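Colleague: Quick one: this structure, given as structure tokens, is what I'll be asking you about.
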Amino acid sequence: MESSLPTFTVEQVLKATGGVLLSGDTENIFYGITTDSRQVKKGNLFVALQGEKYDGHDFVGLALEQGAAGCVVHNETKLNPTSSEKKAAVIKVADTLQALGDLAHVYRRRFPIPVIGLTGSSGKTTTKEMLAAIVSRKKKTLTTEGNLNNLIGLPQTIFRLTKDHELAILEMGTNTRGEIKRLTQIAVPDIGLITNIGPAHLAGFGTVDIVGEEKRDLFLNMAPSGTAIINLDDEAIQIIAEKWPGKRITFGMSSDADITAQDIVKNGARGISFKLIVGNSVNKVEMKIVGIHHVYNALAAAAAAWAAGIDCKSIVEGLASFQPVSGRMQIIKLQNSAFVIDDTYNANPASVREALMTLKDLKSHHNGYVFLGDMLELGDAAPEMHRKIGVLMATIGVNAVFLRGDFSAITASGATEGG
């Protein structure tokens, strides 16, 4: 078996999850944990998750046939009777999703390395990748891949930890109350970063205030010995960080911030440059990414890296080496020398506003066109949010707007209203 795979005995799984052994060999050892029956390898522990479309319990038999050494279930009524005749261990728990997180928590505790947990309404993934570009210059780093940042994805990321890793960067996403608390409990971050708080996933939260309460759970559930990275220009974050008892490092445009920027220059499609102030150190940074808002992402990444003990030279070099994430404010030059701002990966009012302001900066005396779909998960606030985006498009003076989606008429009315 691969030495890098998470290894658990039956007894360790029972202790971590509070489960009971229904059948199978108590001497079994599991090498690797999976929730996908299509990817089961010999010796794996298969955790049967129940989702909206599929129920992992329906695939327990397949997982065992493919060589799984055991399975974790919460609905034994769906098990194939022949499964109990195998040597494979069948462990019953109250909730398999909870058990997956419990196993990830125990596994994370095996590694005495710094863990950086980050969340926010926007900029999470870009900040994570900037941070990884910095930290990986000095340390063997595990980083969340893509958007594997939820109650399934975060454990999957943690299970990739090996003895070679010196630091982990874990992104935490949420669209339901209580998820950040649970993710923080699983990951046990030493450094916590909230990029910003804004109108995202309002369908699940209702108001921005509740979004803030959800994000606050990152700070509330970190160990007091940890370090909170605080956006000094975000009033909501300042409020939720007031009761944080531990060490804090601040970032923002304010001169009071520990990490700040001066002399910001927009270099068109080539990117941005600025002076990075880290304590008493002043360094020029040139980045190959457009959008003034990315200075905040860079400051957040620099602050988290500094908290992890990374030197200023590596911070500057890491930011300079950063390449835009596909579909997130990515500049694509066409054969006719026109530029496309590809920000199609996801959208909320803040990110769309930032993309539009970047378009305004780039188009200068040239034509500017907007192709926009709906912003999802905004709940009752969706109509007003789309109207405001329409008004903004008119304000920045785009030449034409192409809309698609259920809220396109409302966005168009906002554009008409804005002139």
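Mapping of the sequence shown onto this note's numbering: residues 5 to 423, in sequence order. All C-beta atoms in this analysis are idealised placements derived from N, C-alpha and C, irrespective of residue type, glycine included. This structure is a prediction, so every number in the text was calculated from the model and none was measured.
For Leu323, which option in Gly313, Met134, Leu382 has the closest C-alpha, if you only look at C-alpha atoms?
Modeller: The shortest C-alpha separation from Leu323 is found at Met134.
Colleague: Suppose only complete runs of 3+ residues qualify. What are the beta strand (DSSP E) ranges in the stretch 131 to 172, listed by chain order?
Modeller: Counting only runs of 3 or more, we get 145 to 147.
Colleague: Between Ile190 and His109, how many whole angstroms is the CB-CB distance? I'm expecting something under 8 Å.
Modeller: At roughly 5 Å, the Cβ-Cβ gap stays under 8 Å, so Ile190 and His109 are in contact.
Colleague: Using beta-carbon positions only, say whether Thr211 and Glu175 come within less than 8 Å of one another.
Modeller: Not in contact: Thr211 and Glu175 (Cβ atoms no closer than 8 Å).
Colleague: For the stretch 58 to 67 against the stretch 34 to 45, are there 3 or more C-beta pairs whose distance is under 8 Å?
Modeller: These segments touch.
Colleague: Our contact map puts Gly71 next to Lys46 with C-beta atoms below 8 Å; I'd like the distance itself, whole angstroms only.
Modeller: The Cβ separation is near 3 Å, so the contact holds.
Colleague: So, do the stretch 248 to 265 and the stretch 301 to 308 have three or more beta carbon pairs nearer to each other than 8 Å?
Modeller: Yes, they touch.
Colleague: Is Tyr35 helix, strand or coil by DSSP?
Modeller: Strand.
Colleague: Can you tell me which of Ala351, His297, Ile37 puts its alpha carbon nearest to the alpha carbon of Arg164?
Modeller: Per the Cα distances, Ile37.
Colleague: Check whether the Cβ atoms of Tyr373 and Asn403 lie closer than 8 Å to each other.
Modeller: The answer is yes: Cβ separation under 8 Å.
Colleague: Do Ile241 and Thr264 have their CB atoms nearer than 8 Å?
Modeller: No, Cβ-Cβ distance for Ile241 and Thr264 is not below 8 Å.
Colleague: How would you call Gly275, buried or exposed, if buried means at least 16 neighbouring beta carbons within 10 angstroms?
Modeller: By the 10 Å Cβ count, Gly275 comes out buried.
Colleague: Once the 5 residues before and after Gln160 are set aside, which same chain residues still bring their CB inside 7 Å of it?
Modeller: The answer, listed in chain order, is Leu152.
Colleague: Would you call the stretch 175 to 184 and the stretch 49 to 56 touching, i.e. three or more CB-CB distances under 8 Å?
Modeller: No contact exists between the stretch 175 to 184 and the stretch 49 to 56.
Colleague: In three-state terms, what does DSSP make of Ile241?
Modeller: Note: Ile241 maps to helix in three-state DSSP.
Colleague: CB Gly295 to CB Glu358, shorter than 8 Å?
Modeller: Yes, the pair counts as a contact, with Cβ atoms nearer than the cut-off.
Colleague: Would you mind sorting Arg114 into buried or exposed? The rule is 16 or more other CB atoms within 10 Å of its CB.
Modeller: Burial call: exposed.
Colleague: Please go through the same chain and pick out, in chain order, the residues whose beta-carbon is closer than 7 Å to the beta-carbon of Asp346, but skip the five residues on each side of it.
Modeller: Hits under 7 Å: Gly331, Gln334, Ile336.
Colleague: With a 10 Å radius around its C-beta and 16 neighbouring C-beta atoms as the bar for buried, classify Thr188 as buried or exposed.
Modeller: Thr188 is buried by the Cβ-count criterion.
Colleague: Hey, how far is the Cα of Ala98 from the Cα of Ile393?
Modeller: Near 45 Å, if we compare the C-alpha coordinates of Ile393 and Ala98.
Colleague: With distances taken from CA atoms, which of Ile314, Asn200, Tyr58 is nearest Lys219?
Modeller: Measuring from the Cα of Lys219, the nearest candidate turns out to be Asn200.
Colleague: DSSP three-state label for Asp384, please.
Modeller: Helix, per DSSP.
Colleague: Against chain C, with Cβ distances strictly below 8 Å, would Gly331 count as a contact?
Modeller: The structure shown contains no chain C; it is built from a single protein chain.
Colleague: What are the complete alpha helix (DSSP H) segments, minimum 4 residues, inside the stretch 10 to 89?
Modeller: As far as the stretch 10 to 89 is concerned, its whole alpha helix (DSSP H) runs of at least 4 residues are 14 to 21, 64 to 69.
Colleague: Which partner residues of Ile276 appear in the DSSP bridge assignment?
Modeller: In DSSP, Ile276 forms a bridge with Lys270, Met291.
Colleague: Please report the distance separating the alpha-carbon of Ser285 from that of Thr129.
Modeller: Cα to Cα, the separation comes out at about 27 Å.
Colleague: Since Leu122 is in the beta strand (DSSP E), which residue starts that stretch and which ends it?
Modeller: Counting along the chain, the beta strand (DSSP E) containing Leu122 begins and ends at 119 to 123.
Colleague: Got a sec, what are the start and stop residues for the alpha helix (DSSP H) Gln102 sits in?
Modeller: Counting along the chain, the alpha helix (DSSP H) containing Gln102 begins and ends at 100 to 112.
Colleague: Beta carbon of Val395, beta carbon of Gly422: below 8 Å?
Modeller: Result yes, Cβ atoms of Val395 and Gly422 sit closer than 8 Å.
Colleague: Hey, could you find the ends of the alpha helix (DSSP H) Arg357 is sitting in?
Modeller: Arg357 -> alpha helix (DSSP H) spans 353 to 367.
Colleague: If I'm right that Val17 touches Ile95 with Cβ under 8 Å, what's the distance once you round it to whole angstroms?
Modeller: Correct: roughly 6 Å between the Cβ atoms.
Colleague: Based on the DSSP output, what are the partners of Tyr373 in its beta bridges?
Modeller: Its beta-bridge partners are Ala404.
Colleague: Could you name each continuous beta strand (DSSP E) segment of 3 residues or more that falls completely within the stretch 169 to 195, going from the start of the chain to the end?
Modeller: List check, beta strand (DSSP E) in window: 171 to 175.
Colleague: Please list, in chain order, all residues of the same chain as Lys288 whose beta carbon is under 8 Å from its beta carbon, the five residues on each side excluded.
Modeller: Ser277, Phe278, Lys279, Leu280, Val320, listed in sequence order.
Colleague: Can you tell which of Phe12, Met379, Arg186, Leu171 has its C-alpha closest to the C-alpha of Pro116?
Modeller: Of the listed residues, the one whose Cα sits closest to Pro116 is Leu171.
Colleague: Take Gly60 and list the residues in its own chain whose beta-carbon comes closer than 6 Å to its own, dropping the five residues that flank it on each side.
Modeller: Ala52, Leu53, listed in sequence order.
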